[in-house]
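Everything in the sequence shown is counted per this note's numbering, starting at 228 for the first residue and increasing by one. By construction, the Cβ of each residue, glycine as well, lies at the ideal position given by its N, Cα and C atoms. The model shown is predicted, which means the values in this text are computed figures rather than measured ones. Notes for the one structure printed next.
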Amino acid sequence: MSEITPDYIINFLSDIQPNSHSFIQDLEKYAHKKEIPIISFEVKSLLEFLLSMHQPNTILEIGTAIGYSSILMSQYLPKEGKIITIDRYPYMIEQAKYNIHKAKLNSVITLLEGNAQDILPTLKPYFDLIFLDAAKGQYQTFLPHCLRLLRPGGLLIADNVLYKGMIAKARYDIPRRQRTIHKRLRSFLWDISHHPELQTSILPIGDGVALSYKKDPIDSNLI
Ligand SMILES: C[S@@+](CC[C@H](N)C(=O)[O-])C[C@H]1O[C@@H](n2cnc3c(N)ncnc32)[C@H](O)[C@@H]1O
């Protein structure tokens, strides 16, 4: 259930979704049963659309969980395409490794184990697409790395940026323990919306998704 979109709209959109590959469906069922946070069906559909259109060769994902979104995205890569995905939680890493192996995607998806904060500085540019789906309070810290690693003309997609709609509420309407994340996510959204290198659109679907296109300096009209 989304906290942003009314249920009757969610149910309607969910009902008209085409069926995914059975492997993807099984992962979805497993994640829902075990309450493992994976992308919503709206974000899945958006990713599928954007990947079909953008046709990335190289993807960086921050936040693997059990490998669901990586495996999904791999279906939209060209033959030589590669995904690097990062997670720090051993429970997730173990399951992601199992699922990636089971899907025969070891040569496509590389799972880097550890805190993205430590791993991101070690990565070399460029990626065609970066999918940011990790601890929301760290998005702002990850942003300079994403900007360095994303090629001009690349896409940065950040999930859960409206945090159940809470981010749009005033600070004093937020429980005290959530104010830090409220402040950090607002700051991240401000930065990606005003960064001179980015063209950003924030969509109130799922838990909120931010799409940022890294402008290509060759395209002088955009700078
Ligand atoms: C929402 S889940 C990712 C879901 C996944 N993208 C999917 O849709 O299938 C977030 C994941 O990010 C990982 N994570 C959070 N902060 C992280 C960090 N700083 N470094 C590495 N992994 C992190 C968590 O362990 C968790 O597995």
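Sequence-distant residues of the same chain with beta carbon closer than 7 Å to F268, five excluded per side: S241 and Q244
Residue burial classification, A292 (beta-carbon count within 10 angstroms, cutoff 16): buried
Residue ranges of each alpha helix (DSSP H) within the region 381-434, 4 or longer: 406-421
Same chain, Cβ closer than 6 Å to G364, neighbours up to 5 away in sequence not counted: I408 and R411
Secondary structure of E255, DSSP reduced to three states: helix
Strand pairing of D443, partner residues [DSSP]: According to DSSP, D443 bridges with nothing at all.
Selected residue, minimal CA-CA separation from Q252, among H281, L438 and S296: S296
Backbone secondary structure at R378 - three-state DSSP: strand
Three-pair Cβ contact test at 8 Å for the region 308-321 versus the region 386-393: no
Proximity of S301 and I346 at Cβ, strictly below 7 Å: no
E340 in three-state terms, based on DSSP: strand
L332 - DSSP class collapsed to helix/strand/coil: coil
For D314: DSSP bridge partner residues: E340
At least 3 beta-carbon pairs within less than 8 Å: the region 395-406 vs the region 350-369: no
Status (buried if at least 16 other CB within 10 Å, exposed otherwise) for E230: exposed
Strand pairing of E288, partner residues [DSSP]: T312 and F358
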